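Protein chains in written order, with our numbering: chain A, 1 to 353; chain B, 354 to 624.
Here is the structure we will look at.
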Ligand SMILES: Cc1cc2nc3c(=O)[nH]c(=O)nc-3n(C[C@H](O)[C@H](O)[C@H](O)COP(=O)(O)OP(=O)(O)OC[C@H]3O[C@@H](n4cnc5c(N)ncnc54)[C@H](O)[C@@H]3O)c2cc1C
Ligand SMILES: Nc1ncnc2c1ncn2[C@@H]1O[C@H](COP(=O)(O)O)[C@@H](O)[C@H]1O
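This is the structure in structure tokens:
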């Protein structure tokens with residue numbers, strides 16, 4: 001490869017690619033929230049770069065969703081339909097996405113950081129031999145060089161790293177759910193739908209989906225209106241019981257930091273943050289939590305954040321709506337008692353709305 | 354059954370230092386451990402071996418010190434370990450890592466055909482989860498990510514049934530071997546290592562390969578050179594303002610929280 005300065009940013013490496021793409025994940029004909037959020041985020045990038053924003057839609061009988069994708073900000077929707085695409089499988093979905101990417105050559109390609117979104121993106125990146133940044137929480141572009149700046153928390157410190165992919169296209173990233181904002185649905189928007197067909201037969205598929213089981217017993221943390229989240233500052237598993245008790249009274253979900261999960265006080269599906277759930281409840285209690293960046297990215301978009309920490313300099317206070325500098329082991333029992341009294345006085349039980 | 358588990362050595366701490374010049378991890382600043390997810394991957398292989406018989410190899414790419422995590426894997430129950438280590442591998446992102454590992458897997462499979470490859474869901478340092486699926490693509494075998502149970506291995510039909518975590522639940526899928534799984538922590542608990550394993554591990558020396566020991570390697574796809582992504586800049590996120598601090602003693606503070614809760618009564622229904 002030449003190292004001449006004039007070659008910088010140009011050359012044989014598909015740098016002529018244009019357009020911002022969003023992989024639209026649908027499950028049983030319903031578009032995932034993160035895909036709508038990405039259309040919102042992608043819209044901004046596309047406007048800056050003055051290129052169209054496209055949604056990529058794969059499935060069986062999903063064409064009618066194309067309109068929705070346009071209502072949420074896309075100029076174009078590429079649709080691949082096939083009975084083989086009825087359920088997500090890496091093999092078939094990857095083929096469809098690669099077919100489109102090779103034919104229409106986008107410069108930026110975003111995916112939701114869901115199990116299936118990450119799965120397809122990893123496979124596609126390998127086949128297209130391009131860069132993929134995982135679990136980003138901030139997106140921007142440097143317009144002049146047409147560079148995607150995909151940022152994510154890094155290295156366990158309170159630090160963000162911007163990952164660049166200078167010489168390969170498309171520049172790809174998976175993006176955490178609930179950190180970007182979807183646009184208002186606008187039914188006046190119009191756009192173009194491009195259909196492509198994929199030559200693929202069920203007989204050639206190595207993987208079969210036998211059964212999909214929705215876990216209805218486990219109420220997802222992501223749906224809770226109130227979450228009481230405890231950190232290592234609770235001291236031990238027994239004290240952590242206070243978190244459960246308060247949550248029980250409020251009809252709230254229980255969350256924990258990674259340290260809490262690693263200590264075994266809570267199971268992994270209760271972890272909130274970069275490697276756990278991202279949540280945006282109406283009220284979020286952060287109790288005995290320092291506020292490491294990996295935790296903050298999972299909860300900072302909550303509407304009201306109430307933090308209790310005995311260290312006045314804890315970073316959690318930087319994102320809290322209300323802060324209490326104090327000992328959680330002292331404040332919580334009082335809070336629990338007062339809460340019982342307050343609602344007892346009103347003569348009733350508290351049930352979750 | 355020949356199962357290969359890919360294991361990575363990762364720094365174990367929240368106070369990892371970053372080299373301000375290169376914006377890369379200063380690995381000397383933190384003790385190195387077996388990536389926790391990879392420990393579960395090895396344990397998964399051990400359970401499969403117990404049920405279906407076979408042999409377990411582990412493979413790691415890393416600095417020479419990574420022999421430690423191979424020994425750790427032997428302690429959990431691996432039969433042998435391979436370490437690929439070479440300056441040419443340094444600075445690899447996920448694309449270059451999966452390339453190097455797939456070349457090592459090619460050589461391992463020549464010695465003994467591979468039926469199953471198991472990776473962790475992600476490595477706790479880079480935290481991407483992209484290497485496993487990348488390897489599967491390069492070897493053109495089916496990848497199955499987010500595995501929470503390997504429910505049925507049929508050695509005759511060479512098919513395997515797997516539970517895979519998805520949004521709001523799980524799916525049961527069946528695929529053919531060889532395939533590549535990436536496992537979640539909840540797939541198992543790591544058993545205490547039996548004494549013979551400990552003794553074996555203490556004496557164990559892994560097989561060590563450099564790039565020159567691998568075949569058909571395109572060196573431009575290795576290490577920093579073969580990595581399309583680079584760390585552009587590091588920054589501390591803009592400090593948010595922070596809100597209102599609630600004063601007084603614990604009693605007053607609790608009262609104020611109750612008031613806030615009452616202002617949001619719509620979230621509860623009080624009979
Ligand atoms: C790749 C990677 C991914 C990660 N992903 C996540 C993730 O998804 N989620 C996550 O949460 N973390 C994650 N982390 C870990 C994260 O960096 C922090 O280490 C973690 O969030 C800290 O948890 P903590 O706040 O409970 O504990 P600590 O940081 O130990 O904080 C405890 C806090 O409690 C306070 N405290 C102590 N005693 C009391 C008391 N009696 N009353 C009140 N306050 C008290 C202390 O002042 C302190 O601020 C990740 C790290 C890495 C490297
Ligand atoms: N250097 C490496 N050596 C061996 N296995 C690795 C290496 N890097 C990643 N892996 C495997 O790929 C998984 C995912 O890693 P990552 O994509 O970096 O999050 C890990 O859990 C390992 O199983």
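All residues carry an ideal CB built from backbone N, CA and C; glycine is no exception.
Because the structure is a prediction, the values reported are computed rather than measured.
Contact of residue 104 (chain A) with chain B is not assigned, every C-beta pair being separated by 8 Å or more.
Among the residues facing chain A, residue 507 (chain B) is not included, as its CB has no counterpart in that chain under 8 Å away. Setting aside the 5 residues that flank it on each side, residue 340 (chain A) has no residue in the same chain whose C-beta is closer than 6 Å to its C-beta. Secondary-structure assignment with DSSP links residue 112 (chain A) through a beta bridge to A:175. Along the stretch 581-595 of chain B, the positions whose C-beta sits under 9 Å from a C-beta of chain A are 581, 582, 583, 584, 585, 586, 587, 588, 589, 590, 592, 593, 594 and 595, read in chain order.
With distances taken between CA atoms, residue 306 (chain A) lies nearest to A:320 out of A:313, A:320, A:300 and A:295.
The three-state secondary structure of residue 390 (chain B), taken from DSSP, is helix. Here residue 132 (chain A) is near residue 121 (chain A), since their CB atoms are less than 8 Å apart. Relative to ligand 2, the nearest heavy atom lies less than 7 Å away from the CB of residue 483 (chain B). When Cβ-Cβ separations below 8 Å define contact, residue 282 (chain A) makes contact with chain B. For residue 608 (chain B), the nearest beta carbon of chain A is closer than 8 Å to its own beta carbon. Boundaries of the beta strand (DSSP E) around residue 582 (chain B): 582-588.
The C-alpha of residue 425 (chain B) lies about 18 Å from the C-alpha of residue 402 (chain B). If you check the C-beta of residue 550 (chain B) against ligand 2, you find no heavy atom less than 7 Å away. The closest CA to that of residue 364 (chain B), considering only A:106, A:289, A:154 and A:261, is found on A:154. Going by C-alpha positions, residue 560 (chain B) is about 13 Å away from residue 422 (chain B). Below the 8 Å Cβ cutoff, chain A contributes 90, 91, 206 and 207 as neighbours of residue 495 (chain B), in chain order. Counting the other Cβ atoms within 10 Å of the Cβ of residue 488 (chain B) gives 16 or more, which makes it buried. The C-alpha of residue 405 (chain B) is placed about 44 Å away from the C-alpha of residue 161 (chain A).
Under the criterion of beta carbons closer than 8 Å, residue 449 (chain B) and residue 576 (chain B) qualify as touching, at roughly 6 Å. Residue 264 (chain A) has its alpha-carbon roughly 34 Å from the corresponding atom of residue 530 (chain B). Of all C-beta pairs linking the stretch 68-88 of chain A to the stretch 21-40 of chain A, three or more are shorter than 8 Å, placing the two stretches in contact.
Distance from the C-beta of residue 413 (chain B) to the nearest heavy atom of ligand 2 is below 7 Å.
Residues of the same chain with a CB within less than 6 Å of the CB of residue 266 (chain A), apart from the 5 flanking positions on each side, are 256 and 260 in chain order.
Inter-residue distance for residue 429 (chain B) and residue 549 (chain B) is about 11 Å (C-alpha atoms, whole angstroms). Taking residue 298 (chain A) as the centre and dropping the five residues before and after it, the same chain places the C-beta of 272, 273, 274, 276, 277, 278 and 279 closer than 7 Å to its C-beta, in chain order. Between residue 526 (chain B) and residue 209 (chain A), the C-beta spacing is below 8 Å. Residues of chain A whose Cβ lies closer than 7 Å to the Cβ of residue 604 (chain B) are, in chain order, 334. If you draw a 10 Å sphere on the C-beta of residue 475 (chain B), you find 16 or more other C-beta atoms in it, and that means buried. Using a Cβ-Cβ distance cut-off of 8 Å, the stretch 455-469 of chain B and the stretch 107-116 of chain A are not in contact, since fewer than three pairs of beta carbons, one from each stretch, lie closer than that value. If you draw a straight line from the Cα of residue 619 (chain B) to the Cα of residue 608 (chain B), it comes to about 19 Å. In this structure residue 285 (chain A) is not in contact with residue 595 (chain B), their Cβ atoms being roughly 16 Å apart against a cut-off of 8 Å.
Using a Cβ distance threshold of 8 Å, residue 603 (chain B) and residue 245 (chain A) do not count as a contacting pair.
By the CB criterion at 8 Å, residue 270 (chain A) and residue 221 (chain A) fall inside the cutoff.
Relative to ligand 2, even the nearest heavy atom lies 7 Å or more away from the CB of residue 532 (chain B).
Residue environment analysis places residue 135 (chain A) among the buried positions, since at least 16 neighbouring C-beta atoms fall within 10 angstroms of its C-beta.
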